[in-house]
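Contents: one structure, followed by commentary.
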Amino acid sequence: TFLQLFGGSDIFNFVHKDYDFVLRISKGGSWYDELKKVPFFSFISDRKGLGFEDSFSRVLEDMRYKTGVVPAVVQDAMSNDILFASKGIDVDISNFVSFDINYYLEFIKNIASNSFLVFETKYTTQLPKALSYLLSVNVRTVSQNLYIIGDTLYSSTSGKYFIIAGSKQTLELALKTFQTPDMQLSKSVKEFDRLKAGTFFISGFSKPNTLKINLPGGIKIDDSDSEYLLFTSTISAGSFTFTVEQKNKKQNNTTKINDSIGTLPLNWNYYLSIPSKNTAALINSVEVWFSGITSDLIRLTDFFKYSASLSNNIYVVGRLEAGELVFIFDTFTGKDLETNIAKLGAKYDSQKQEWSLNIQNSKFYIYKTGNRLIMATVDKVRFEQYEKSTRRLKDLPIFFDFSKITTYDVKLFMDIGDIIKTTTGFNVISKLLFWQYSIGYLSYYKFIIS
């Protein structure tokens, strides 16, 4: 119909209500200039960094030379709405960020049989040939509006949309759903109205136990007792903000925290704060850092629970790329520390006033300094040298934003730029803030990347 060809329809309408996950990139072309103001993304795209933009332009010029398909065919598809939908698989958001163009091409090439992608474009009939070149596979025209790309990808067009699916059944279901409002997920879930009305760069919807986020230190989504998750993102003033909103079956209110993480020395690039009451997050963290040990894990988690119960906050800090890890139990008041450390089998050095123990291939030290209990891969002498350094976390300009986060279940600061510099040598000023909190029936997971 006229409406379907010239607006009035919505890219979400392809998604059947049985689907678990849907992600939409809205008008990527109009966000691109803003995205390039975010230091992390300009590092990926610019020639001063990884040169993603230049290398992709070269690929498109090669395509023009070898196939006659002009770059505008692909550029238009990437500049308008794009949708990804899946059923029955876990989707880890961190897997959507890559420094390599080929990664995204492989992602398209290997989408699962129940998954599909939709591109809004004015070049629907030329995209199959372009994709065939980019994915290095053949394209076959089966009928007037059905193409097979490679062995497993089925594609078709509907008005201004080009659909590519992991199986013929998935493609047919998407096309039928688009024509049948009763079948559409966006009509059966009222929260889609907010996604349609808002101005978002990336947005979407997930049923429980589908969307995964894995940040270093065991930070993840716990949605086992939830009804749904919505996610949205915007870009402004050089920052990319990504929010996951989770509707829970039970109410929970996060309490306000007084932390002193800003007083820690600026010797690390990873700073995680966990309130001592949040034992679940602490144990998650311990299990991730010490994954691989089985026999001692229970004794270790018992020691962490004991130490946390007698502290206000736990800070996990370190240089991840160098294997340096420090657990700080702030305002520790325990009296029977020796008894509990003895259960770990640690050895005491009376001269250095610290215990040491081997865990996997790393040596850990346990000691007290001031009103803090420390368990770390750095010994007491080294830690106290750090303490003497003049610069503190609170001296960073971004700490003002970090310090305003006072109601949280966990909060994290990562100096991405420092990690990139020490691993690749590139200079980039990029930071990540993350925090998680609950109000009533809603939990929020928030990321800010600069």
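Take 52 as the starting number for the sequence shown in the working numbering and just add one per residue. Beta carbons: idealized from backbone N, C-alpha and C, even for Gly.
| Query | Result |
| --- | --- |
| Is Thr457 near Lys307, with beta carbons less than 8 Å apart? | yes |
| Run through DSSP, which three-state label would Gly468 get? | helix |
| Determine the closest residue to Trp340 out of Glu375, Asn329, Asn320, with distance taken between C-alpha atoms. | Glu375 |
| Figure out for me which residue from Ile349, Val377, Arg350, Gly385 has the closest Cα to the Cα of Ser360. | Gly385 |
| I need the boundaries of the alpha helix (DSSP H) containing Tyr325, first residue and last residue. | Reading off the sequence shown, one finds Ile at residue 325, where the question assumed Tyr. Careful: Ile325 lies outside any alpha helix (DSSP H), inside the beta strand (DSSP E) at 321 to 326. |
| Taking 8 Å as the threshold (C-beta atoms), are Gln302 and Tyr492 in contact? | yes |
| At which residues does the beta strand (DSSP E) containing Arg423 begin and terminate? | 423 to 427 |
| So, with DSSP's three-state summary, where would you put Gln195? | coil |
| Counting along the chain, where does the beta strand (DSSP E) carrying Phe415 start and finish? | 413 to 420 |
| Keeping to the same chain, check which residues put their C-beta closer than 6 Å to that of Ile325; ignore five residues upstream and five downstream. | Ala332, Leu333, Ile365, Val461 |
| How is the beta strand (DSSP E) around Glu372 delimited, first residue to last? | Here Glu372 belongs to no beta strand (DSSP E), and DSSP marks it neither H nor E. |
| Using the C-alpha atoms, what's the distance from Lys328 back to Lys99? | 45 Å |
| Which residue comes first and which comes last in the beta strand (DSSP E) that contains Ala163? | Taken as a continuous stretch (DSSP letters only), Ala163 belongs to no beta strand (DSSP E), as it is neither H nor E. |
| Tell me the DSSP secondary structure of Tyr495 in three-state form. | strand |
| Tell me Thr285's beta-bridge partners as DSSP assigns them. | Thr292 |
| Gln177 to Phe378, Cα distance in whole Å? | 56 Å |
| Residues bridged to Gly255 by DSSP? | Leu74, Phe282 |
| Where does Leu186 sit, in a helix, a strand or coil, going by DSSP? | coil |
| Under three-state DSSP, which class holds His67? | strand |
| Specify the secondary structure class of Ile121 as computed by DSSP and reduced to three states. | Just to set this straight, residue 121 is Val in the shown sequence, not Ile. Here Val121 sits in coil by DSSP. |
| Check the C-beta distance from Val142 over to Thr261 and give it rounded, since I have them as a contact under 8 Å. | 6 Å |
| Write down the C-beta distance between Asp16 and Ser311 rounded to the nearest angstrom, noting that I regard them as a contact closer than 8 Å. | In the structure as shown, the chain starts at 52 and stops at 501, and residue 16 therefore has no counterpart that could be examined. |
| Given Ser183, which residues of its chain have a CB within under 7 Å of its CB, disregarding the five upstream and five downstream residues? | Asn189, Val190, Ile200 |
| Leaving out five residues on either side along the sequence, give the residues of the same chain with a beta carbon under 7 Å from the beta carbon of Asn363. | Ser327, Asp381, Thr382 |
| Can you find at least 3 beta carbon pairs, one from the region 160 to 169 and one from the region 128 to 144, that sit closer than 8 Å? | yes |
| Please list the terminal residues of the continuous alpha helix (DSSP H) segment that includes Phe450. | 450 to 454 |
| Mapping DSSP to helix, strand and coil, what is Lys99? | coil |
| Roughly how many angstroms lie between the CA atoms of Ser494 and Phe282, to the nearest whole one? | 12 Å |
| If we ignore side chains and look at the alpha-carbon of each, how far apart do Val125 and Thr228 end up? | 26 Å |
| Along the chain, where does the beta strand (DSSP E) that runs through Tyr174 open and close? | Where Tyr174 is concerned, there is no enclosing beta strand (DSSP E), given that its DSSP letter is neither H nor E. |
| With a CB to CB cut of under 8 Å and the five nearest residues on each side skipped, what residues in its chain are close to Ile449? | Phe464, Lys482, Leu484, Ser501 |
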